[in-house]
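Number of protein chains: 2
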Amino acid sequence: MNTKDLAYFNDLISQKSFSKVAQNFGVSQPTITMAIKRLEADFGAPLVIRDRVHNAIHVTPSGEQLAVHAKVILRELDLAHQEIINLTQNRLVLGLPPIIENYYFPKVSARLAAAGLLDSLETVEGGSIWLRQAVRNGQVDMTLLGSVEPLAYQDLVAEEFDRQPFCIYVSAEHRLAQRKRIYFNELRGEDFVFFNSNFIHNTAFTQLTRRNHFQPKIVFRSNDMHVLMKLVAENIGVAFLTKIIDQPAENVVRLDLLDPEPPEFITSIVYRTNHLLTPQQAQLRQILHEALDQSKTNF
Amino acid sequence: MNTKDLAYFNDLISQKSFSKVAQNFGVSQPTITMAIKRLEADFGAPLVIRDRVHNAIHVTPSGEQLAVHAKVILRELDLAHQEIINLTQNRLVLGLPPIIENYYFPKVSARLAAAGLLDSLETVEGGSIWLRQAVRNGQVDMTLLGSVEPLAYQDLVAEEFDRQPFCIYVSAEHRLAQRKRIYFNELRGEDFVFFNSNFIHNTAFTQLTRRNHFQPKIVFRSNDMHVLMKLVAENIGVAFLTKIIDQPAENVVRLDLLDPEPPEFITSIVYRTNHLLTPQQAQLRQILHEALDQSKTNF
DNA sequence: CGGATATTATTAATATTATTGATAGTATAA
DNA sequence: TTATACTATCAATAATATTAATAATATCCG
Numbered sequence: 001m002n003t004k005d006l007a008y009f010n011d012l013i014s015q016k017s018f019s020k021v022a023q024n025f026g027v028s029q030p031t032i033t034m035a036i037k038r039l040e041a042d043f044g045a046p047l048v049i050r051d052r053v054h055n056a057i058h059v060t061p062s063g064e065q066l067a068v069h070a071k072v073i074l075r076e077l078d079l080a081h082q083e084i085i086n087l088t089q090n091r092l093v094l095g096l097p098p099i100i101e102n103y104y105f106p107k108v109s110a111r112l113a114a115a116g117l118l119d120s121l122e123t124v125e126g127g128s129i130w131l132r133q134a135v136r137n138g139q140v141d142m143t144l145l146g147s148v149e150p151l152a153y154q155d156l157v158a159e160e161f162d163r164q165p166f167c168i169y170v171s172a173e174h175r176l177a178q179r180k181r182i183y184f185n186e187l188r189g190e191d192f193v194f195f196n197s198n199f200i201h202n203t204a205f206t207q208l209t210r211r212n213h214f215q216p217k218i219v220f221r222s223n224d225m226h227v228l229m230k231l232v233a234e235n236i237g238v239a240f241l242t243k244i245i246d247q248p249a250e251n252v253v254r255l256d257l258l259d260p261e262p263p264e265f266i267t268s269i270v271y272r273t274n275h276l277l278t279p280q281q282a283q284l285r286q287i288l289h290e291a292l293d294q295s296k297t298n299f
Numbered sequence: 001m002n003t004k005d006l007a008y009f010n011d012l013i014s015q016k017s018f019s020k021v022a023q024n025f026g027v028s029q030p031t032i033t034m035a036i037k038r039l040e041a042d043f044g045a046p047l048v049i050r051d052r053v054h055n056a057i058h059v060t061p062s063g064e065q066l067a068v069h070a071k072v073i074l075r076e077l078d079l080a081h082q083e084i085i086n087l088t089q090n091r092l093v094l095g096l097p098p099i100i101e102n103y104y105f106p107k108v109s110a111r112l113a114a115a116g117l118l119d120s121l122e123t124v125e126g127g128s129i130w131l132r133q134a135v136r137n138g139q140v141d142m143t144l145l146g147s148v149e150p151l152a153y154q155d156l157v158a159e160e161f162d163r164q165p166f167c168i169y170v171s172a173e174h175r176l177a178q179r180k181r182i183y184f185n186e187l188r189g190e191d192f193v194f195f196n197s198n199f200i201h202n203t204a205f206t207q208l209t210r211r212n213h214f215q216p217k218i219v220f221r222s223n224d225m226h227v228l229m230k231l232v233a234e235n236i237g238v239a240f241l242t243k244i245i246d247q248p249a250e251n252v253v254r255l256d257l258l259d260p261e262p263p264e265f266i267t268s269i270v271y272r273t274n275h276l277l278t279p280q281q282a283q284l285r286q287i288l289h290e291a292l293d294q295s296k297t298n299f
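Just so you know, the protein sequences line up as chains L and G, in that order. Under the UniProt record's numbering, the first residue of the first sequence carries the number 1, and numbering increases by one thereafter. Under the UniProt record's numbering, the first residue of the second sequence carries the number 1, and numbering increases by one thereafter.
Rendered as structure tokens:
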């Protein structure tokens, strides 16, 4: 059976039009008619019902069933192509959320260089939602992801390699600056500086504000952590960030949260379940895991 | 791309011989040579290395990578065929471990009949390991499975629908017969009657004997629960069985276990992740879940 | 109603692709 | 060296896919 037929079929399911599928693939319309016929003959069942009365196409139960498998098959094929291209070109495409890159990457780069991995390593920055998608569809081979809950996906392997609490950063002149530990509740009424858009920080932050029943006042937003830190230093507002910030800027104090079950920033290495790690990828994974052991004791 | 080529390739990986693959598929040897060449051209990388010195074939990293995906693709195709056959023939093949069949099936059969499902329902009996395999490879569409741990597989959906403790059954003349509850430890030195081979009972039983550090003496084995019950009644030995036994035979007393965290018999409905439930299958699932609610309150 | 439009099916011709038989090439073992 | 085992090559053939042309079917709308 030709996978082209499955691709035609898959497109037909969403386009609901033989001629549109033909256009999309740059083939003539009878080609699609024939392809669907071949599939129907192969599976011994009608896959679509040509409802000419309503000028529509209905997918039969058999068609629905096949559609699920067709999608899997086409995805696997696509991934195989991309993976083999990266493999032969000695490319290792690694997804990195900016915050993780900032903290963990400097720690491992020496080892990566020593292992000769830096040459073939190609990093792609992006938010965790985008990177999750990217590792799914093969744009990246592996990715680091931050999350509040442990990751569990059926098509992705997620190996947690670190877990750090979220903290509050305030100016040295702030009323709470002398404290080491506070309850999130004590921040009611504070001005916050916060990320523009950061899925994990948002999730964790919302979790805490909901639990404590208050609506935080965010006076400034930026995607640059260093900008946020400077604003904290100038006492414009307080920041809610992970503990994985090497050294808070001058004039900034870090406060731990005393809340029971505070949200944690979980970092994981993620790759596709059906992806065989190349020696390089296995090595990268190893180095990241090892770097963790070091960083854990360093805290 | 033709899936036949992937089938040839997949077989080549395990056979490591072009001619054997040709034989297996009943085609000529150049067909395989050509098929592999097509794949290599398509993926732009050598997939196997023909090592004529050692008269062997080595799979390249690209080949290994493709092999993983090829297996998935061939499996999906195979499942699609089987599922569509069952769908069009209005067959619903349900796997049933004997013990679950004994207890749960009578409870739901009235509802199944009312829903008109009994006609199309075809049951397959088998042990839980065999049935898990059968649902994976499409021999059955859905299956009930017993287990000691909650089931979690990436390619299978497992919905727990009941959970019952394991119990001890003794003769009314047995020294412990007057007790309602005992510790497993108190059975040290007892004669047991036990299943010949039953994965779940074995797992749970071993768990308890290990925890209590004793080697149970099994004086008789059978795969028929009723036979075991009769032997218990005659005080030949004591039995370790699930609580889901409608009415212990005459002259038999059931004792609950007092041990902390005693193993439980978990029953789940299991089907393939990539399988779209047909209306019938969805109905069966619904009825099983509903029947549970009833059976739960009945205890 | 009837013609314009849109869509899918059919068909015969053509183009593409897969398979084969025959045989060459390469290495091993005896 | 010869026999044996395995894979590659190649030209011929078989099988399959695609196409252009057109038929068939239904809608829309004046």
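No residue lacks a Cβ here, since even glycine has one placed at the ideal position from N, Cα and C. Since this is a predicted model, take the numbers as computed values, not measurements.
### Query
Any idea what DSSP makes of Q139(L), helix, strand or coil?
coil
### Query
Per DSSP, R50(L) is paired with what?
In the DSSP output, where bridge partners are listed per residue, R50(L) has I57(L).
### Query
By the 10 Å Cβ neighbour count, where 16 or more other Cβ atoms means buried, how is A233(G) classified, buried or exposed?
Result: buried.
### Task
Count the other CB atoms, across all protein chains shown, that sit within 10 Å of the CB of E122(G); report buried if there are 16 or more and exposed otherwise.
exposed
### Query
Quick one, which of I99(L), D162(L) and D42(L) has its alpha-carbon nearest D78(G)'s?
D42(L)
### Query
Between which two residues does the beta strand (DSSP E) containing F205(L) stretch?
No beta strand (DSSP E) contains F205(L), which is instead part of the alpha helix (DSSP H) from F199 to R211.
### Query
Among all the DSSP beta bridges, which residues are the ones paired with V170(L)?
Residue pairing from DSSP places V170(L) in a beta bridge opposite V253(L).
### Message
Taking 8 Å as the cut-off, is the beta-carbon of G138(G) closer than that to any non-hydrogen atom of the ligand GTP?
### Response
Of the ligands one can find in the structure shown there are none, so the ligand GTP has no counterpart to examine.
### Query
Under a three-way DSSP split, which group does S128(L) fall into?
helix
### Query
Who are Q164(L)'s beta bridge partners in DSSP?
F265(L)
### Query
V68(L) CB to nearest chain G CB: under 9 Å?
It does; some Cβ of chain G falls within 9 Å.
### Query
Any contact of the stretch 140-154 of chain G with the stretch 169-182 of chain G, i.e. 3+ C-beta pairs under 8 Å?
no
### Query
What first and last residue would you give for the alpha helix (DSSP H) that runs through S222(G)?
Looking at the DSSP string, S222(G) is not in any alpha helix (DSSP H); the run it does join, the beta strand (DSSP E), is K217 to S222.
### Query
So is E83(G) in contact with chain L if we call contact Cβ pairs under 9 Å?
yes
### Query
Is the shortest distance between the beta-carbon of P260(G) and the beta-carbons of chain L less than 9 Å?
no
### Query
Can you name the residues of chain L whose CB is closer than 8 Å to the CB of G44(G)?
I84, I85 and T88
### Query
Can you list the residues of chain L that M142(G) reaches, using a CB-CB cut of under 9 Å?
The contacting residues do not exist; M142(G) stays about 14 Å from chain L at best.
### Task
State the start and end residues of the unbroken alpha helix (DSSP H) segment that holds V93(L).
Segment L92 to L96 is the beta strand (DSSP E) holding V93(L); no alpha helix (DSSP H) there.
### Query
Any idea if V227(L) is buried or exposed, counting beta-carbon neighbours within 10 angstroms, 16 or more meaning buried?
exposed
### Query
In terms of DSSP beta bridges, what is T123(L) paired with?
DSSP lists L94(L) as partners of T123(L).
### Task
Thinking F265(G) and I200(G) are a contact (beta carbons under 8 Å), I'd like their distance in whole angstroms, please.
7 Å
### Query
Does any CB atom of chain G fall closer than 9 Å to the CB of P150(L)?
no
### Message
Any contact between the stretch 8-17 of chain G and the stretch 32-52 of chain G? By contact I mean 3 or more CB pairs, one from each, below 8 Å.
### Response
yes
#### Entry: DSSP beta-bridge partners of L144(L)
I269(L).
### Rounded straight-line distance, which links the Cα of L96(L) to that of R210(L)
Counting only the Cα atoms, L96(L) lies some 29 Å from R210(L).
### Query
Do we get a CB-CB distance below 9 Å when we pair H275(L) with the residues of chain G?
yes
### Query
Where DSSP assigns a beta bridge to D191(L), which residues make up the other side?
K217(L)
### Message
Looking at chain G, is there any beta carbon in it that lies within less than 9 Å of the beta carbon of L77(L)?
### Response
yes
#### Entry: Listed by chain order, chain L residues near M1(G) by CB distance under 9 Å
N2, T3, K4 and L77
### Task
Could you tell me which residues DSSP pairs with E159(L) in its beta bridges?
E159(L) pairs with I269(L).
### Message
Judging by CA-CA distance, which residue of Q215(L), K243(L) and L208(L) is the nearest neighbour of E261(L)?
### Response
L208(L)
### Task
Determine the extent of the beta strand (DSSP E) in which K184(G) is found, giving its start and end residues.
What sits at residue 184(G) in the sequence shown is Phe, not Lys. Per DSSP, F184(G) belongs to no beta strand (DSSP E) and is neither H nor E.
### Query
Hey, does E234(L) have any beta-carbon neighbour from chain G nearer than 9 Å?
no
### Residues that N2(G) bridges to, as DSSP identifies them
N2(L)
### Query
Name the DSSP beta bridge partners of F240(G), please?
I168(G)
### Message
As a quick exercise: from G116(G), I100(G), V170(G) and E125(G), pick the residue whose alpha carbon is nearest that of F161(G).
### Response
I100(G)
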